[in-house]
Structure formats: C-alpha cells, structure tokens
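Asker: Structure in structure tokens, see below.
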Amino acid sequence: MNMKVHVPNWILSRSREQCCSLWRVLILMVISCYISSCAPQTKVGTPVFREEPQGQVVAPPDQTAILLTSADTAMQSGQLDKAEMHLERALRLSPRDAQIWHGMARVRFEQSNYAQAVQFCLKSNSLAGKNEAIIRQNWLLMEKAYLKTGDTEKAIWARQKASEK
Amino acid sequence: MTQGKNKIGKWSACIKSWDGYPPFVKWGIGAFLLSVVAFVLYVGYLDSLIRKKFEGNLWSLPAVVYARPLELYPELAISIPELEDELQLAGYRQDRRAEDPGGYDRQEGVIHLVTREFNFPDGVEKSGKYTLQFTNDTLAGISRTDSGEVVNGLRLDPARIGSFHPKQHEDRIVLSRAELPELLVESLLAVEDNNFFRHWGLDPRAILRALLANTMAGETVQGGSTLTQQLVKNFFLTNERTLWRKANEAIMALLLEAHYDKNEILTAYVNEIFLGQDGGRAVHGFGLASFFYFRRDLKDLSPAQIATLVGMVQGPSYYNPRKYSERCLKRRQVVLEVMRTKKVIDERTYEMAKSAPLDTQEVTGNAFNRFPAFLDLVRRQLAEDYPEEALTSEGMKIFSTLDPHVQKVVEQQFAATISRLERNTGKRGLNGAVIVTRREDGEILAVVGGRNFLQSGFNRALVARRQVGSLIKPAIYLAALGKGYTLATPVDDTALTLANQGGKPWTPANFDRTEHGRIPMYLGLAYSMNLATVRIGMDVGVEEVVRTLKDLGVNGDFPAYPSFLLGAVSLTPLEVTQMYQTLAAGGFYLPQRVISSVLAADNTLVKRFGLSVEQRFLPEQVYLLNSMLQHVVSEGTAKNLSRFMSPSYNVAGKTGTSDDLRDSWFAGFTGDQLAVVWLGNDDNTSTGLTGASGALEVWGEIMRALHPQPLDLVEPEGIEWQWLKPATFERSSSPFLFAREQVKLPFIALASPAIGGSSENDPQDSPVNGVDGVMKKIINWFNRR
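Heads up: the protein sequence lines correspond to chains A and B, in order. Position one of the first sequence corresponds to residue 2 (this note's numbering), numbered consecutively onward. Position one of the second sequence corresponds to residue 4 (this note's numbering), numbered consecutively onward.
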C-alpha cells in the first residue's frame with residue numbers, strides 16, 4: 002500500500018499555522034499588554050467592520066421560570082393548550098433549555114400523544130448536556146409513554162437508562 | 004245564494020258606473036292603482052334588502068395576520084433605536100406624555116411606554132405603563148412607571164402585518180356601541196345630524212335648511228341628509244345625485260328606522276363610513292381611521308383629533324390631514340366651533356383643541372402589508388386548512404412567527420448587498436431569496452422573495468426551484484457517518500469516471516481542476532472536493548444518499564444517478580432550509596412553522612399549529628457532521644465569512660455553486676438562527692458568482708447586522724476527541740509532541756479505533772468497522788412504531 006500521502010500545500014500551511022498559534026497568542030498577549038499600558042486613553046478611529054460575539058446571551062432566567070410555572074399551573078388544571086402555549090413562548094426566549102423541552106413532552110403525554118412525548122424527551126436529552134437530573138426525568142417519562150403504548154421491551158430499556166443516571 | 008248574487012250585482016253596478024267617465028280618467032285611475040301596487044311591491048323589495056343586510060354579518064371581515072409579539076426582559080440585547088423601530092412597526096407612536104396606550108417617550112437611556120391591551124391565544128395582556136432602562140445596548144431593567152415595581156418580563160401587543168381582503172378592498176376595525184367614546188358620538192351628531200335621536204330617518208327641517216343655504220349660495224354647500232340616509236347610501240346606493248337615488252334613500256332610511264334601534268344604526272354608521280385610502284386598501288370606520296391617522300385607539304383620541312376625523316366625513320380625500328393639512332385644519336376649526344356652540348365641549352377644551360397641532364402619524368412606519376413575501380407563505384399555509392371565503396370574511400386572527408426586526412434587517416442587507424455584487428460583476432438582473440428561521444424550533448422569522456417582489460409577485464423563496472450544487476454534500480457525508488466513516492477516514496480525491504444517466508460516462512472534476520490525493524474525510528467537505536465526495540457517495544450508495552436527503556426533510560422523487568452527488572438536483576430555498584434545519588436542530592426533524600395559533604373574531608382559540616419533533620439521525624452523527632460544517636467556515640470554502648464575523652462565532656455552513664455559476668448558495672447557522680441565501684438570474688443565465696463570492700456575502704451581511712449568538716454545539720454522550728496528523732493519518736488522544744501539523748477532531752467513541760491507530764483502513768473497500776449495524780439498529784429502534 003502506498004503510504005506516501007500527497008498533502009496539498011494549503012493543508013500544510015494551515016497546519017503550520019495551528020502549531021504556531023500558541024506562540025503567537027503568547028507574543029500577542031505580551032505586546033498588547035505593553036501597548037495598552039502606554040497608549041493614551043482615546044479610541045482609535047478604526048471602523049469596526051466585523052461582528053464580534055457580545056457574549057452568550059443566556060436565557061432570561063426569571064421570565065422563563067415564570068412561564069414554566071404558568072405552564073405547570075395550566076397543566077394541573079387540565080388546560081393543556083394553554084400549557085403548551087406558555088411552553089412555546091418560553092422556548093422562543095430560551096430555545097436550548099432542556100427543561101422546557103421536557104415540559105413539552107409532559108404536555109404531549111397528557112394529551113395522550115405518546116409517540117411525540119418520547120420524541121420531545123429525546124430532544125430534551127439532546128440539549129441536556131451534563132444535566133443528569135433532567136436526563137433521568139426524560140427516561141422515566143419515556144418509560145411511562147412506552148408502557149402506555151404497550152411496548153414493554155422499550156419501557157424496560159428506558160427504565161434501565163433512567164437508573165444509570 | 005241571494006247574498007252572493009247581490010255582491011256580484013253591486014260590483015257590476017260599480018263597473019257600469021265607470022262607463023260615465025271619460026277614458027283618460029279611467030286610464031288615470033287604473034295607472035294610479037297599478038303604481039300603488041308597484042310601489043308597495045318595490046318598498047317590500049327594499050325592505051327585504053335591508054333586512055337581509057342587517058340580519059347577516061354587516062361586513063366581511065378579513066382575517067388579520069399578526070407578527071410574533073416582542074418579549075422584553077432584563078439582559079435582553081436590544082438598543083433603544085432597535086426597540087423604537089419595533090415599536091413603530093407595531094404601530095406605537097412617539098408621544099411626549101406617554102400616558103395613553105400605544106404611546107412611548109424616548110429619553111436618554113430610558114423609554115417610557117404604555118402598552119395596549121391585547122387578546123393573545125393564551126390570555127389577555129392588560130395595558131400598563133412601563134419604564135425601560137438601557138445600558139450599553141442592553142435592556143437593563145423594566146419597572147412600572149406609576150409604582151416603580153420591578154417587572155420580570157413584558158410582552159408587547161404584536162404588529163398587524165396584513166389581512167386577507169375579499170375582492171373589494173375594504174378594511175375596518177369593528178367596534179361595539181359600548182366602545183364608542185361619547186365625545187365622538189356627540190360631536191358626530193352635532194355636526195352631521197343634530198336631530199338624530201328625534202327623527203324617523205328623515206329630517207325635513209334639515210332638508211329645508213340645506214335647500215335654503217344651497218339656493219342662497221348658488222351651489223351645494225350643505226347637506227340635509229340624516230346619518231340614517233348616509234348609512235343607507237353607503238350600504239345600498241351609488242354616489243350619483245339623482246332624484247331617483249334620493250327617493251330610494253328616503254324610503255330605505257324610513258324602513259331602516261322602522262326596523263332597528265337608533266343605537267344599532269349609529270354603531271353601523273361609525274363602523275361603515277369611509278375615511279381614507281391606504282394604497283389599495285380603503286379605510287372604513289372610525290376605529291381603523293383612528294389607528295391609521297393617529298396610531299391610537301379610538302377611546303384615546305383627544306377632542307382635537309376627534310374633531311379632525313368628524314370633519315373628514317364630508318370628504319376624506321379632500322380633507323386628508325397628511326396631504327392637505329391647512330384645509331383639514333380649517334375644517335377641524337369649523338367642527339370645533341359647532342362642538343362648542345352645541346355645548347359638546349366647554350370653552351377651555353375648545354381653546355386647547357383649537358391650538359393643538361394636527362398630530363397625524365406617518366403611515367410608513369408600521370408593519371402593515373410591508374412584508375408581502377412572508378404573508379404569501381402564511382396564505383399558502385392557511386389555504387390548506389381554510390377556504391378563501393373564511394379567510395376574507397370571518398375576522399379570524401392569525402398569529403404568525405414573523406420577526407419584523409429580523410425581516411427588516413434581512414430585506415435591507417439583501418437589497419444593499421445584491422446591488423453591490425452587481426456593481427462588482429458588472430452584470431445586471433441578479434435576483435435571489437432569503438429565509439431565516441430559529442435554529443431549535445424551526446419557526447420562520449423572515450422571508451425575502453426577491454427584488455421587486457411586489458411588482459412580480461414571484462416568491463422565489465417558495466417556488467424558485469434551482470440546482471443546489473454542493474449544498475447537497477452534507478447529505479452524503481451524513482450518510483457516510485452512518486456507514487461508519489469518521490472525520491479522519493482516508494479518502495482519495497482523485498479522478499474517476501462513472502456511468503451516469505442513460506449509461507453515459509461521467510467524469511467529475513474539482514472546481515480548481517486539480518486532484519488533492521488522499522485526504523482525511525472532513526477536508527473533503529470543508530474544501531468541497533468533488534472527487535473525494537463522489538467516491539464517498541458511490542461507496543455509500545447514491546440511493547442511501549437520496550434516502551438521507553429525504554430523512555433530512557426534503558420530499559420529492561430524486562433519480563439516484565451519480566451526478567446527484569454533485570447537486571444535479573433542483574430545490575427551492577424553502578426546501579433547502581428544511582434540510583439544514585434538521586442538521587441545525589441536532590438531527591431532529593421539525594416541520595417548518597409560520598403560524599402558531601388562529602383565533603376566531605370573538606377571541607376563542609380555533610386552531611393550534613403545535614410544535615412537533617422527530618429524531619431522524621443519531622445526535623453523535625449530526626454532531627460530527629456539524630463539526631465538519633464548522634471546518635467549512637473556519638478553514639474551507641466559506642473562510643471569507645471571517646470578513647463579516649469573528650471566527651469565535653463558530654458558524655457551521657456550506658457554500659453551493661451550480662454549473663456555469665448559474666446559482667450561488669449559502670446555508671448556515673449560528674447559535675440561534677439558520678439562514679439560507681440563494682442568488683441567481685430568473686432566466687437561469689450565469690451570475691458570475693460562486694456560493695462564496697455571492698450568497699455568502701449576503702449571508703455575512705445579514706448575520707453581522709442581526710448580532711447572532713455563537714454556535715456552541717452540545718456534545719452528546721459517547722464523543723471523544725483525538726489529535727490527527729493529516730499528513731500521515733496518525734491519531735492520538737493527546738497532542739503529538741513536536742508535530743508540525745495536527746488537528747483535534749471529534750469521534751464517536753464506538754467508532755474510534757485504538758489510540759495511536761493506523762491508516763490502514765481503506766474506505767473504498769469497506770466501511771471502517773461494524774458500527775454501522777449498531778447505529779442503524781438504534782435508529783430503527785427509535786423509529787419503529
């Protein structure tokens with residue numbers, strides 16, 4: 002087998018850049034510290050043409066929490082449509098919050114839409130990261146949903162996944 | 004019997020007695036009797052017309068479409084100008100006092116705001132006065148203006164973005180009698196019909212007075228019509244000044260008064276009267292007129308504003324306050340004097356109103372009918388559930404997902420960039436389309452259907468079906484990941500010839516016409532290498548790739564020819580968006596949403612378009628694919644994006660170019676949004692642009708202006724990172740010491756071979772390992788139902 006790999010120039014140059022980058026960062030840091038300490042405190046008039054991240058705009062915790070509570074209340078009083086709308090509203094504020102997706106799964110479960118309940122649990126898990134508590138809740142709900150559809154095999158599996166958490 | 008005979012005898016005697024009269028008298032009486040009968044019949048006919056009209060719905064009410072409501076909360080990244088823009092779109096007005104609903108006052112770092120009460124599908128949001136504090140383009144805090152109480156969040160009433168008109172283009176906001184301010188009613192009656200509550204439909208004194216005045220002046224200066232007559236005229240008759248029309252009007256006015264209560268007639272009048280023209284839409288009724296001219300609810304109008312509207316009844320175009328402000332002011336003065344004389348307002352109010360400015364608000368600032376391409380999409384979706392008749396007549400309220408701020412930004416950047424590109428290439432006639440969605444829930448935030456969409460009505464975002472070129476490639480690489488390929492699998496980017504459609508030989512080539520030899524797979528996607536991609540696709544199987552494309556959410560019949568692998572397939576921008584949505588959402592298919600709920604005219608919930616999700620791919624595989632799409636931007640064909648956005652956004656995206664540069668595509672997503680841009684000529688000629696030199700520029704300008712969130716892919720369980728030397732395909736769990744070139748790549752734990760692995764796998768022969776079976780099993784297991 003021919004082990005000689007033809008690597009295009011652009012790959013080599015890219016890779017060189019990567020290995021040098023640590024040094025560059027260090028040197029840049031030293032230089033920038035020096036420059037910033039002796040530079041006059043005026044803004045240089047270079048136009049900012051490139052968008053820089055403004056820092057992760059995280060979910061509005063208070064508002065999301067309030068909506069989750071409203072959804073809970075609505076669900077307990079049997080107003081499933083309303084609970085769903087509160088959750089959708091919460092999702093627009095924090096679309097990557099696993100807790101809200103889990104809430105959607107619970108609403109679907111109460112609406113007897115067990116297939117969708119499972120799907121929303123999976124979606125919630127996909128965003129849960131290291132939040133083991135919510136992952137466990139999702140597997141437990143999936144177990145219940147599978148039991149409702151008479152799918153014992155999957156229910157046992159889901160229970161097992163829950164117990165791993 | 005004798006009695007009967009007597010009767011007949013009497014009649015015949017009566018008829019005989021006619022003989023003595025001359026014939027013209029006989030004919031005259033006959034004609035008179037006939038005309039009485041005809042008259043009675045005619046009145047009966049008019050009566051039925053009136054009853055029919057008033058017993059049904061008085062007006063066809065078009066369905067109204069709303070944008071998404073703006074949610075405000077502390078820490079929200081929004082500047083004062085951006086919020087002001089949103090407020091203008093939602094029909095708010097700048098108002099120094101900010102005391103009535105729909106008004107706001109902008110000061111240094113602060114906005115005072117009075118929201119309007121609104122019926123949302125999930126409940127009523129009450130009107131309230133709020134103070135919003137800003138620091139550094141961020142909403143720092145919200146509090147109630149009166150009590151200072153801190154508020155966690157606030158939902159504004161949404162912008163009305165359009166309505167579905169019946170053929171005659173009338174629009175109105177129908178109000179009930181209880182909703183009519185007394186000042187309006189009294190002023191209207193004082194000016195138009197002083198005796199309204201006393202007459203029976205006609206006012207002989209008013210007619211005489213008008214007659215006198217008109218004779219004296221030698222022309223028509225005053226009308227003697229009652230409100231009832233005016234209403235009848237508007238409902239049933241034309242504007243012609245004939246005696247016949249006047250007679251009809253009088254009869255019908257009497258009939259209307261005989262059947263219906265004064266207050267019913269008054270309310271109908273207030274809702275019916277024509278008060279202006281907004282492009283193709285006729286503004287009817289005081290409710291809509293109040294909003295149209297002053298951006299206020301009718302109940303919040305000042306006496307001067309009420310006087311303006313009442314004055315305009317005489318001639319809405321002639322007294323148009325925006326066009327003929329002096330004429331309108333004069334007319335308002337006449338009305339104010341009548342109001343004072345008849346004690347509708349006191350002296351103080353009169354003096355204040357007299358000196359008040361006209362205070363009309365520009366019509367251009369609001370969102371109504373401004374986003375036709377998005378509205379077109381809403382209409383198409385509604386047409387699946389409702390007949391045309393229901394949309395134009397039942398007054399439904401449609402809650403859409405449009406984000407007016409995003410839409411406005413997208414339109415501006417699209418138009419500006421496309422003009423710039425034309426200047427660069429020296430070619431004219433470039434067109435295109437853009438769709439922006441929210442990454443996780445698939446809601447469509449903005450749609451651009453092309454340049455001059457209003458003139459052509461051709462919504463390219465939904466119907467232009469164009470070759471997608473390399474945009475198809477993620478489907479191939481995803482299918483490959485499903486077959487056990489890894490990002491580091493060695494692939495040959497070398498020439499090959501295949502049998503295509505009809506057995507014709509097909510020799511694909513790279514865009515730069517060079518071969519790159521053996522490369523790790525991820526570089527094939529990053530640099531959009533055609534030869535490597537075709538080899539992978541042929542190994543995986545074209546049919547498998549077609550299946551993957553369908554799982555990504557693109558429906559259609561695609562013949563599985565090899566050229567399919569290089570994008571010889573035509574899709575609409577909307578379909579491409581659906582495809583990339585599934586990737587952006589981590590392998591979950593979410594049907595695209597433009598409508599969330601529909602309310603009936605009485606605010607009851609009639610239909611929900613709920614969210615639904617379906618896992619179509621394993622999160623690990625999609626994670627690997629999205630990492631590759633990030634390499635496209637960080638080092639590959641979309642590297643130019645760094646001119647617009649810092650690399651720390653970690654954007655995932657793909658460029659696409661069709662043969663002869665006919666189509667230029669870019670699809671990509673950030674932490675919160677997905678956008679697809681297509682550029683091309685309507686006549687399918689060459690644009691002179693690649694995906695990177697055309698669509699990518701539009702995408703970059705749009706995203707730069709939208710201040711997106713960086714993309715931070717959630718790492719699923721079972722991912723491990725390894726270092727790779729691309730030159731030798733060596734891998735290690737820790738960085739290689741003294742290695743000149745290496746890159747850190749993610750692997751699925753099951754699929755990654757032993758640490759320090761070798762490059763002996765030859766994907767051209769077989770999938771790398773047996774993981775394919777395991778993954779398929781798990782996927783099938785979820786989908787089995």
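For every residue, glycine included, the Cβ atom is placed at its ideal position computed from N, Cα and C. It should be emphasised that the depicted structure is a prediction, and the values quoted were computed from it without experimental measurement.
Quick one: list the residues of chain B neighbouring residue 130 of chain A, beta-carbon separation under 8 Å, in chain order.
Answerer: The residue you call residue 130 of chain A lines up with position 129 of the first sequence. What residue 130 of chain A touches in chain B: 717 and 718.
Asker: Does residue 87 of chain A get closer than 8 Å to chain B when you measure Cβ to Cβ?
Answerer: One-based indexing of the first sequence puts residue 87 of chain A at position 86. So, interface residue.
Asker: From residue 49 of chain A to residue 621 of chain B, what distance separates their C-alpha atoms?
Answerer: Counting from 1 along the first sequence, the entry for residue 49 of chain A is found at position 48. Counting from 1 along the second sequence, the entry for residue 621 of chain B is found at position 618. Low per-residue confidence applies at residue 49 of chain A: pLDDT is 39, beneath 50, and the placement is therefore not dependable enough to give any value.
Asker: Note down the Cα distance separating residue 178 of chain B from residue 274 of chain B, rounded to an integer number of angstroms.
Answerer: Here the question's residue 178 of chain B lines up with position 175 in the second sequence. Here the question's residue 274 of chain B lines up with position 271 in the second sequence. Cα to Cα, the separation comes out at about 7 Å.
Asker: When burial is assigned at 16 or more other CB atoms within 10 Å of the CB, is residue 355 of chain B buried or exposed?
Answerer: For the purposes of this step, residue 355 of chain B is taken as the residue at position 352 of the second sequence. That one is exposed.
Asker: With a 10 Å radius around its C-beta and 16 neighbouring C-beta atoms as the bar for buried, classify residue 389 of chain B as buried or exposed.
Answerer: Sequence index remark: in the second sequence, residue 389 of chain B carries index 386 (1-based). Result: buried.
Asker: Indicate whether residue 307 of chain B and residue 335 of chain B have their beta-carbon atoms separated by less than 8 Å.
Answerer: As a first step, residue 307 of chain B must be located in the second sequence, where it is residue number 304. As a first step, residue 335 of chain B must be located in the second sequence, where it is residue number 332. Result yes, Cβ atoms of residue 307 of chain B and residue 335 of chain B sit closer than 8 Å.
Asker: Among residues of its own chain, excluding the 5 on either side of residue 324 of chain B, which ones have a beta-carbon nearer than 7 Å to its beta-carbon?
Answerer: For this step, residue 324 of chain B is matched to residue 321 along the second sequence. Here the set comprises 296, 311, 331, 361 and 363.
Asker: In terms of DSSP beta bridges, what is residue 598 of chain B paired with?
Answerer: As a working mapping, residue 598 of chain B is identified with position 595 in the second sequence. DSSP output for residue 598 of chain B lists B:403 as bridge partner(s).
Asker: Tell me where the alpha helix (DSSP H) around residue 272 of chain B begins and ends.
Answerer: Counted from its first residue, the second sequence places residue 272 of chain B at position 269. Looking at the DSSP string, the run of the alpha helix (DSSP H) that includes residue 272 of chain B is 265 to 275.
Asker: Residue 83 of chain A versus chain B: which residues are under 7 Å apart at the beta carbon?
Answerer: To locate residue 83 of chain A, count along the first sequence from 1; it is residue 82. Ordered by position in chain B, the residues that pass the 7 Å Cβ test against residue 83 of chain A are 125.
Asker: Step through the CB atoms of chain A and report whether any lies within less than 8 Å of the CB of residue 274 of chain B.
Answerer: Mapped onto the second sequence, residue 274 of chain B falls at position 271. No, residue 274 of chain B does not count as interfacial toward chain A.
Asker: From which residue to which residue does the alpha helix (DSSP H) around residue 433 of chain B run?
Answerer: Sequence index remark: in the second sequence, residue 433 of chain B carries index 430 (1-based). No alpha helix (DSSP H) holds residue 433 of chain B; the beta strand (DSSP E) holding it covers 433 to 441.
Asker: Any Cβ of chain A within less than 8 Å of the Cβ of residue 138 of chain B?
Answerer: In the second sequence, residue 138 of chain B corresponds to position 135, counting from 1. It does not: the Cβ of residue 138 of chain B has no partner Cβ on chain A nearer than 8 Å.
Asker: Name, going along the chain, the residues of the region 104 to 138 of chain A whose beta-carbon falls closer than 7 Å to a beta-carbon of chain B.
Answerer: From the region 104 to 138 of chain A, only 105, 116, 117, 120, 121, 123, 124, 127, 128 and 130 have a Cβ closer than 7 Å to chain B.
Asker: Does residue 97 of chain A have its Cβ less than 8 Å from a Cβ in chain B?
Answerer: In the first sequence, the residue the question calls residue 97 of chain A occupies position 96. Chain B contact via Cβ: present.
Asker: For chain B, check one thing: does any of its Cβ atoms lie closer than 8 Å to the Cβ of residue 93 of chain A?
Answerer: For the purposes of this step, residue 93 of chain A is taken as residue 92 along the first sequence, with counting starting at 1. Taking Cβ atoms only, chain B reaches closer than 8 Å to residue 93 of chain A, which makes this a yes.
Asker: If you count every other CB in all the chains shown that lies within 10 Å of the CB of residue 618 of chain B, and 16 or more means buried, which is it?
Answerer: Taking the second sequence and counting its residues from 1, one reaches residue 618 of chain B at position 615. Classification for residue 618 of chain B: buried.
Asker: If distances are taken between C-alpha atoms only, which option among A:83, A:74 and A:65 comes closest to residue 75 of chain B?
Answerer: Here residue 75 of chain B refers to the residue found at position 72 of the second sequence. Closest by alpha carbon: A:65.
Asker: Write down the C-beta distance between residue 702 of chain B and residue 471 of chain B rounded to the nearest angstrom, noting that I regard them as a contact closer than 8 Å.
Answerer: Indexing the second sequence from 1 puts residue 702 of chain B at position 699. Indexing the second sequence from 1 puts residue 471 of chain B at position 468. The Cβ separation is near 15 Å, so there is no contact.
Asker: Mind listing the chain B neighbours of residue 157 of chain A? Cutoff is C-beta to C-beta under 9 Å, in chain order.
Answerer: The residue you call residue 157 of chain A lines up with position 156 of the first sequence. Ordered by position in chain B, no residue passes the 9 Å Cβ test against residue 157 of chain A, which lies about 13 Å from the chain.
Asker: When the Cα atoms are used, what is the spatial distance from residue 21 of chain A to residue 534 of chain B?
Answerer: Counting from 1 along the first sequence, the entry for residue 21 of chain A is found at position 20. Counting from 1 along the second sequence, the entry for residue 534 of chain B is found at position 531. For residue 21 of chain A, the pLDDT reaches just 45, beneath the cut-off of 50, and the residue's location in the model is therefore unreliable, although a value from the coordinates is still provided. Each residue's Cα considered, the two are about 31 Å apart.
Asker: Under 8 Å between beta-carbons, which chain A residues line up against residue 608 of chain B? List them in chain order, please.
Answerer: On the second sequence, residue 608 of chain B is found 605 positions in, with the first residue counted as 1. Result: 82.
Asker: Any idea if residue 78 of chain A is buried or exposed, counting beta-carbon neighbours within 10 angstroms, 16 or more meaning buried?
Answerer: For the purposes of this step, residue 78 of chain A is identified with residue 77 of the first sequence, where counting begins at 1. So residue 78 of chain A ends up on the exposed side.
Asker: Consult DSSP for residue 76 of chain A and reduce its assignment to one of helix, strand or coil.
Answerer: Residue mapping note: residue 76 of chain A aligns to position 75 of the first sequence, counting from 1. Three-state DSSP puts residue 76 of chain A in a helix.
Asker: On the DSSP letters alone, give me the boundaries of the alpha helix (DSSP H) that residue 62 of chain B sits inside.
Answerer: Along the second sequence, read from residue 1 onward, the residue named residue 62 of chain B stands at position 59. That residue, residue 62 of chain B, is in no alpha helix (DSSP H); it is neither H nor E in DSSP.
Asker: Can you name the residues of chain B whose CB is closer than 8 Å to the CB of residue 63 of chain A?
Answerer: Against the first sequence, residue 63 of chain A aligns to sequence position 62. The contacting residues are 76, 77, 155 and 156.
Asker: So, at 7 Å on beta carbons, what are the nonlocal neighbours of residue 111 of chain A in its own chain, with the 5 sequence-adjacent residues on each side left out?
Answerer: Here the question's residue 111 of chain A lines up with position 110 in the first sequence. Hits under 7 Å: 76 and 81.
Asker: Say whether chain A places a C-beta atom closer than 8 Å to the C-beta of residue 839 of chain B.
Answerer: Look at the range of chain B in this structure, 4 to 788, and you will see that residue 839 of chain B is not part of it.
Asker: Which chain A residues are close to residue 84 of chain B, counting only those with a beta carbon under 7 Å from its beta carbon?
Answerer: Reading the second sequence from its first residue, position 81 is the one you call residue 84 of chain B. In chain order: nothing, as chain A lies at least about 16 Å away.
Asker: Is residue 161 of chain A close to chain B, meaning its C-beta is less than 8 Å from at least one C-beta of that chain?
Answerer: Residue 161 of chain A sits at position 160 when you count from the first residue of the first sequence. False, the Cβ-Cβ gap to chain B never drops below 8 Å.
Asker: Decide if residue 455 of chain B is buried, meaning its Cβ has at least 16 other Cβ atoms within 10 Å, or exposed.
Answerer: Here residue 455 of chain B corresponds to residue number 452 of the second sequence, with the count starting at 1. Per the 10 Å Cβ criterion, exposed.
Asker: Over what stretch of residues does the alpha helix (DSSP H) that includes residue 133 of chain A continue unbroken?
Answerer: In the first sequence, the residue the question calls residue 133 of chain A occupies position 132. It spans 133 to 149 - the alpha helix (DSSP H) in which residue 133 of chain A sits, taken as one unbroken run.
Asker: Does the Cβ of residue 353 of chain B have 16 or more other Cβ atoms within 10 Å, making it buried, or fewer, making it exposed?
Answerer: The residue you call residue 353 of chain B lines up with position 350 of the second sequence. Residue 353 of chain B should be labelled buried.
Asker: Sorted by chain position, which residues of the same chain lie with C-beta nearer than 7 Å to residue 256 of chain B's C-beta, five sequence neighbours on each side aside?
Answerer: Position 253 of the second sequence, counting from 1, holds the residue named residue 256 of chain B. 204, 205, 229, 231, 232 and 235.
Asker: If you run the structure through DSSP and keep just helix, strand and coil, what is residue 120 of chain A?
Answerer: In the first sequence, counting from the first residue as 1, residue 120 of chain A sits at position 119. Correct three-state label for residue 120 of chain A: helix.
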